[in-house]
Every structure is written in C-alpha cells, then in structure tokens.
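Structure record follows, encoded as structure tokens.
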Amino acid sequence: MLKFPSPYDNVLPHQIQVIFPKDLSPKEPTLDRVIGSLVGLAIGDALGASVEFRPHEYLQDNPVTEMQSGGTWGLNAGQWTDDTSMGLCLASSLIAKQCFDPYDQMVRYKWWYKYGFLSSTGQCFDIGDGTREALEEFCHRQSFLKEIYRCKTDEEVDQLPLEKVLNANGFSLSCSSAGAAGNGALMRLAPVPLFYFRSPTEAVSYAGRSAILTHGNIIARDACRYFAALIVAAVSGESKEKLLSNKFYNDHKAWFGSENIHPEVLEVARGSYKQPRGYDDGIRGNGYVVKALEAALWAFYYDQNSFKTGVLAAIQLGDDTDTTAAIYGQLAGAYYGYQNIPENWRRQLYGEQLITSIGHWLHFLGKEKTNTQQQPSMLVRQHLIPTTNSQSQHWQLNSTMSLPDGIEQDTSIVDFADAHLQSYVSTSPKLLRQNNPHGVHNLVDTNYNTDWKQSYLNSTADAGLPRFRRIIKSIINSKPPYHFSKSSHY
Numbered sequence: 007m008l009k010f011p012s013p014y015d016n017v018l019p020h021q022i023q024v025i026f027p028k029d030l031s032p033k034e035p036t037l038d039r040v041i042g043s044l045v046g047l048a049i050g051d052a053l054g055a056s057v058e059f060r061p062h063e064y065l066q067d068n069p070v071t072e073m074q075s076g077g078t079w080g081l082n083a084g085q086w087t088d089d090t091s092m093g094l095c096l097a098s099s100l101i102a103k104q105c106f107d108p109y110d111q112m113v114r115y116k117w118w119y120k121y122g123f124l125s126s127t128g129q130c131f132d133i134g135d136g137t138r139e140a141l142e143e144f145c146h147r148q149s150f151l152k153e154i155y156r157c158k159t160d161e162e163v164d165q166l167p168l169e170k171v172l173n174a175n176g177f178s179l180s181c182s183s184a185g186a187a188g189n190g191a192l193m194r195l196a197p198v199p200l201f202y203f204r205s206p207t208e209a210v211s212y213a214g215r216s217a218i219l220t221h222g223n224i225i226a227r228d229a230c231r232y233f234a235a236l237i238v239a240a241v242s243g244e245s246k247e248k249l250l251s252n253k254f255y256n257d258h259k260a261w262f263g264s265e266n267i268h269p270e271v272l273e274v275a276r277g278s279y280k281q282p283r284g285y286d287d288g289i290r291g292n293g294y295v296v297k298a299l300e301a302a303l304w305a306f307y308y309d310q311n312s313f314k315t316g317v318l319a320a321i322q323l324g325d326d327t328d329t330t331a332a333i334y335g336q337l338a339g340a341y342y343g344y345q346n347i348p349e350n351w352r353r354q355l356y357g358e359q360l361i362t363s364i365g366h367w368l369h370f371l372g373k374e375k376t377n378t379q380q381q382p383s384m385l386v387r388q389h390l391i392p393t394t395n396s397q398s399q400h401w402q403l404n405s406t407m408s409l410p411d412g413i414e415q416d417t418s419i420v421d422f423a424d425a426h427l428q429s430y431v432s433t434s435p436k437l438l439r440q441n442n443p444h445g446v447h448n449l450v451d452t453n454y455n456t457d458w459k460q461s462y463l464n465s466t467a468d469a470g471l472p473r474f475r476r477i478i479k480s481i482i483n484s485k486p487p488y489h490f491s492k493s494s495h496y
C-alpha cells in the first residue's frame, strides 16, 4: 500500500517512496484515463502557475507555450500550487481510508495549510480566502473535539475515527460560510469521481459532500456534482459528443438523485460555454465557480481534440490561470488519457511518479471496493423489488446492503438510495398520520432532501410500515439515514 508521511516529518512529495499495486492491470483503458485525469490536473496547474493573476491582455502578448519557471510564485518549471496539493490531500485520504471520510479529508487539508503537507515547496501558498476561512474554522472546532474526547495532542484529535466525530453533539464538518462559491472545491475534485467512477450515483453525491466542507454555497456543491458526472462518464468511455451534449444532464439525471442542480450550473450544462470567440464572448477564468467551470468546458469544447491546445487556451483566458487549466486538465485528462498528454510535460512535472502512483491506487482500490461491496447505485438499477413483496423479502434485501463507511449499524438507520426508496417503502397518507406523532408536514420542515412523499404510495402496510417507523425514528432522533442528507451537510 502507498504510504503517506506524517505532516510533522517535513517530507517533500518527490521524497515519498512510490509503490504500485501488485496485481496491476495496465491494459485497462480506464486506468490510463484515471491517471490522465490526475496528471492532467497537475500539469494544468503547473503550466498556469507562472502567470497566475495575469490579465488576458498580458497573455495575448506573452502566451504560455511550455512549462516555465519564475513568474507569480517563483517556482521551478513543473512545480504546482494549491490546486494539486489539495487534490493530492483528497486522494491520500481516499487511499488511506479506502472510503469517503470527510473528517480525514479536512485533517489533511489542515496539514497542508499548517505544515505544507503534499506541497511542491514544503509550504502552503496560494490558498484561496474561502478555503483559508474554512480551515481556520475547522481548527477552531477541533479544539472542541479535543476537549470532549480528552485528546492530549493534535495528533490524537487528528486520528479520531469518523464515528466519534459524528457522534459529538454540536459538531459539524461543514466549516464554510453559506455564501462561499469560489472554485477551490472544483479545482481539487478529481480523486472523488476517479475513486467512485464505477458507482456514478456515489461519485456525484460524494463530490457534492466534498465541496461543502470548504465551500458552503449550493452552487459550488452542484458545480462539483455536475463536473464529477462528466469525469465519471469520460473515464467510462463516453464520447466527447455525449459529454458536451446540452442533454448530458438530462441523460444522466439518475446519477443526481432527487435534487436538481442549481439553475446557474444548469445553464452551463445546457451549453453556455459554447462561445466561439471565448474571452470576447464573455468566457472568464476567474475565481467564481460557475465561471471557472464554464471556462474549462469552453477550452474542452474548442480544443480540437488536443490536450495541449485546450490547456493552453484555458491559460490564455488570464486571471486564475492555474485553476482554470487544472479544472480543464481533470476532464481532458480523463477523456484523452495519460498517454495523450504531451510527454515532455509529463517528464517535467514535479512529483510525476508519485502522482501516477496515486492514480494507480485510486483505480485499484476503487475497483476493490466495488468488488467487495454491493453498491446501492447498482441495486437501484438491477434489483428493484415490487412493493407487494413480502416483509421477509424486504428485510432480505436490506441485509445485503452495507452502511456507509464510518457509520455504525443501528436499528434507526436505513441504507437505501433515494431512487430505490421511492420504489420500495410506501404506505398511505392515513398511515403516515397515524404513525408519525409530529405530523406529516413536519417531515418537510426538517429540510431533508428526499422525495419521500412519492415513496409512500401503493404498498401494503406489512411491507411498508415497519420500514417507515424506522425512518421516522431516524428523523425524530436527528440521525438521518445517509440518503436523507440534510442540505446543510452538503
């Protein structure tokens, strides 16, 4: 297993011992695309770093054509900034925990912020305001955990299991202000869809959850959900025509569960980026997440099937050059693959072997997870059980489904994906009123994102009511099933 150093050891990325999975299958086309997406992120970041914050007009006269040193941060050619560092922190968490662990992710972002963990220079630099504020808030909230669990050191509180963190009354991992809609969550996103690409609904859901940790605006969450769907589809081999179709979102809507994407993100999904004159038509590579997404998709749409052409076009837009190019690189790398990224750039990329190894592990461990667990998204498509089935059949299905990592089995928790729940548990409004002491309408007031009303139709009482009682118990106890995620937790 690839091991990451302690943040206190001051080990630079190029000094980390690189290990690859033993039973690697190099002929799998998805492997080349997964590695391509991660390397594409880093190369876009490294190419754009030297001219970050330069305006479009400056780049018209001084275009970037190759890796170059100096510039904004005084980096060596091939070194990268916060985009890649945070992406690698996220990837290292997925590899170390072999699951989506939001607490561990925030810990690793904190390590980067405080100690330069997985930074190309050994120090945190180029951090966005929204990310900094969220990490400062996280550090403050950790002091609360340290007190209630009597942790003596920072290392102890960092190593708390997710279960304990979630059980701490009053503690939330959503450390961002509600208005934060910068591009900082989108720039680091790739590891989530790369790890979960075999389970698209999980990839999209976890992408949203990863965003909300540091960027609390629903627009940032939905930009990440939509972009994750594109990366999943690209890794899975969908054509560029389908990826860039104005109908992509509608054609893959099942991946998004019951909640639609925000109208501003939907406008991008419907082709707002298809502007032939680019900058002159209003395409901007700035820090607002919607504009950053739009700019990256514009570069992908007009790249003439060339990673090099597209990434340089993204940089030419100016302003947040490294992030626009890093976002482009995630999708373009997933589509074109590692082998179609210019070889000279791959050779010059700082820590290229480590990044390649991380891509291998994301692909391998994601596959292992799929092989060893029944994925809810797969059950939704393949094993829908009619609501007239006997109660024993319902319980039998539930026994085949595992709870999300970090959540204990509990009689008050049900593990069902939204789409499946709607076909599975149902009862009449009369039964709802009889068995919910808080009243039917109070369920809506709890802010749970689910079309539960549509779920409780046409079922026999024997099949539907026992399950419904457990769901009601979850809501009353404020322990929502994971498919009933509160909007404030995304």
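Its first residue numbered 7, the sequence shown is counted upward by one per residue in the numbering used here. Note that CB positions come from ideal geometry on N, CA and C, so glycine has one too. Remember, predicted model here, so these are calculated numbers, not experimental data.
Please classify residue i: does DSSP put it in a helix, a strand, or coil?
i      : result
Ser429 : The predicted position of Ser429 is uncertain, since its pLDDT is 31 and thus under 50; no value can be drawn from it.
His389 : Confidence at His389 is low in this model, with a pLDDT of 31, below 50, so its placement is unreliable and no value can be given for it.
Tyr202 : helix
Tyr294 : strand
Leu100 : helix
Gly128 : coil
Leu81  : strand
His20  : helix
Gly134 : coil
Gly176 : coil
Gly190 : coil
Gly122 : coil
Gly324 : coil
Gly372 : helix
Gly357 : coil
Gly76  : strand
Val45  : helix
Asp309 : coil
Phe10  : coil
Asn68  : coil
Leu151 : helix
Ser182 : coil
Phe26  : coil
His495 : In this prediction, His495 has a pLDDT of 27, which is less than 50 and means its spatial position is unreliable; nothing more can be read from the coordinates.
Trp117 : helix
Ala196 : coil
Gly54  : helix
Within 10 Å of its beta-carbon, does residue i have 16 or more other beta-carbons around it, so buried, or fewer, so exposed?
i      : result
Tyr64  : exposed
Glu265 : buried
Tyr115 : buried
Arg353 : exposed
Glu34  : exposed
Ile419 : At Ile419 the pLDDT is 29, less than 50, meaning the model places this residue with poor confidence; the figure from the coordinates comes in the next sentence. Flag for Ile419 reads buried.
Ala184 : exposed
Pro61  : exposed
Gln322 : buried
His389 : Annotation note: pLDDT 31 at His389 (below 50); position unreliable, coordinate value reported separately. Flag for His389 reads exposed.
Ser149 : exposed
Gln336 : buried
Arg156 : exposed
Lys375 : buried
Gly263 : buried
His146 : exposed
Lys297 : buried
Glu161 : exposed
Glu270 : buried
Asn68  : exposed
Lys314 : buried
Arg283 : exposed
Gly76  : exposed
Nearest CA to the CA of residue i: which residue from the options?
i      : options                        : result
Phe59  : Asp132, Thr127, Leu100, Lys297 : Asp132
Gly243 : Asp51, Gly76, Tyr342           : Tyr342
Gln23  : Leu8, Thr78, Ala338, Pro13     : Leu8
Ile218 : Ala196, Leu249, Ala186         : Ala186
Phe233 : Tyr294, Pro19, Glu374, Tyr334  : Tyr334
Gln21  : His366, Trp367, Leu360         : Leu360
Leu249 : Asp228, Gly77, Gly277, Phe144  : Gly277
Glu153 : Gly136, Leu168, Ala174, Glu169 : Ala174
Cys105 : Ile289, Glu208, Asp15          : Glu208
Asn16  : Ser216, Lys120, Thr159         : Lys120
So residue i and residue j are in contact, right, with Cβ under 8 Å, and what is the actual spacing, rounded?
i      : j      : result
Tyr308 : Asp38  : Actually they are not in contact, since the Cβ atoms of Tyr308 and Asp38 sit about 24 Å apart, beyond 8 Å.
Ala102 : Phe10  : 7 Å
Ala331 : Leu53  : 6 Å
Val45  : Gly372 : Not confirmed; about 17 Å, so no contact.
His6   : Ile237 : Lying outside 7 to 496, the shown extent of the chain, residue 6 is not represented and no answer is given.
Any beta carbon of chain D sitting closer than 8 Å to that of residue i?
i     : result
Ser12 : Judged by its chain identifiers, the structure shown contains no chain D, having just a single protein chain.
Quick one: does the C-beta of residue i sit closer than 7 Å to a heavy atom of the ligand NAD?
i      : result
Tyr294 : As far as ligands go, the structure on display features none, and thus does not contain the ligand NAD.
Extract the residue ranges of the alpha helix (DSSP H) inside the stretch 211–284, only unbroken runs of 4 or more that lie entirely within it. 224–241, 246–249, 254–257, 269–275
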